[in-house]
Amino acid sequence: MRGEAKDVCGRLARRQVYLYKSEEDFVVGVGTTSIDMNLGNVKEVDKKSFDLTTPYRTFSFITDHEQERREWVEAMKQSITCALSNYEVAQRIWSEESNRTCADCGAPKPDWASINLCVVICKKCAGEHRSLGPSISKVRSLKMDNKIWTEELIEVRLPGSSILCEY
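In terms of full-length UniProt numbering, the sequence shown has 131 at position 131, counting the first letter as 1, and numbering is strictly consecutive.
Here it is, written out as structure tokens:
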């Protein structure tokens, strides 16, 4: 790390980064800090360094090699995506065969939906739907917009739904 601490060891574990004061602390498992990746944003600074920014602090890292920096940045980006994603809704919606492809272009495993049109769509088509405006198509992520996905909204997209019959 750059700045306050000189040499620290880091470990990326799914949705968190753990920092250790020394290699010995790393081996023993005594960390000084853990960073929740759902709050982070990673950015390359130069060939060997990158920053992990959270609402509370920016952590600046320096690697020994450019390739090592690339690997860390990519792993952290994947961790952030994982931390922000909730696959439970997507898995339930994909359980219905007709929801396994984009309603517009047929792309597999669409991870967006137009909640007012009751269709699932891919990322590319979600952009097109967004350009239509929310009065025509209300686009939401199956993986990230967790609060919008009520049980009733999920049920509407599943086969044999009694909710549709109630309206």
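Just so it is clear, CB atoms sit at the ideal spot from N, CA and C, and this is done for glycine as well.
Provide the residue span of the alpha helix (DSSP H) that contains residue i, from first to last.
{"i": "residue 148", "result": "Careful: residue 148 lies outside any alpha helix (DSSP H) and carries neither H nor E."}
{"i": "residue 136", "result": "Premise fails: residue 136 is in no alpha helix (DSSP H) and is neither H nor E."}
{"i": "residue 90", "result": "87-94"}
Which whole-angstrom value describes the C-beta separation of residue i and residue j, a residue pair presumed to lie in contact below a C-beta threshold of 8 angstroms?
{"i": "residue 102", "j": "residue 120", "result": "7 angstroms"}
{"i": "residue 90", "j": "residue 111", "result": "6 angstroms"}
{"i": "residue 15", "j": "residue 79", "result": "6 angstroms"}
{"i": "residue 49", "j": "residue 60", "result": "7 angstroms"}
Could you check where the beta strand (DSSP E) with residue i kicks off and where it finishes?
{"i": "residue 123", "result": "Here residue 123 belongs to no beta strand (DSSP E); instead the alpha helix (DSSP H) covers 123-132."}
{"i": "residue 114", "result": "112-114"}
Let me confirm a value: residue i is counted as buried when at least 16 other C-beta atoms fall within 10 Å, else exposed. Which label applies?
{"i": "residue 149", "result": "buried"}
{"i": "residue 93", "result": "buried"}
{"i": "residue 137", "result": "buried"}
{"i": "residue 8", "result": "buried"}
{"i": "residue 133", "result": "exposed"}
{"i": "residue 56", "result": "exposed"}
{"i": "residue 122", "result": "buried"}
{"i": "residue 87", "result": "exposed"}
{"i": "residue 17", "result": "buried"}
{"i": "residue 100", "result": "exposed"}
{"i": "residue 22", "result": "exposed"}
{"i": "residue 11", "result": "exposed"}
{"i": "residue 139", "result": "buried"}
{"i": "residue 28", "result": "exposed"}
Do you know whose CA, among the options, lies nearest residue i's CA?
{"i": "residue 85", "options": "147, 115 and 32", "result": "147"}
{"i": "residue 98", "options": "45, 17 and 156", "result": "156"}
{"i": "residue 44", "options": "69, 30 and 64", "result": "69"}
{"i": "residue 113", "options": "131, 132, 128 and 142", "result": "142"}
{"i": "residue 154", "options": "108, 30, 95 and 133", "result": "95"}
{"i": "residue 77", "options": "53, 64 and 57", "result": "53"}
{"i": "residue 107", "options": "125, 13 and 56", "result": "125"}
{"i": "residue 58", "options": "39, 127 and 13", "result": "39"}
{"i": "residue 37", "options": "71, 13 and 25", "result": "13"}
{"i": "residue 152", "options": "115, 62 and 135", "result": "115"}
{"i": "residue 144", "options": "81, 74, 20 and 66", "result": "81"}
{"i": "residue 64", "options": "75, 47, 51 and 74", "result": "47"}
Can you confirm whether residue i, when its beta carbon is compared against all beta carbons of chain D, has any partner nearer than 7 angstroms?
{"i": "residue 46", "result": "Absent here is chain D; the protein component of the structure consists of one chain."}
Q. Can you list the beta strand (DSSP E) stretches of 3 or more residues lying completely in the UniProt domain "PH" (1-81), in chain order?
A. 9-13, 16-20, 33-36, 41-44, 49-53 and 58-62
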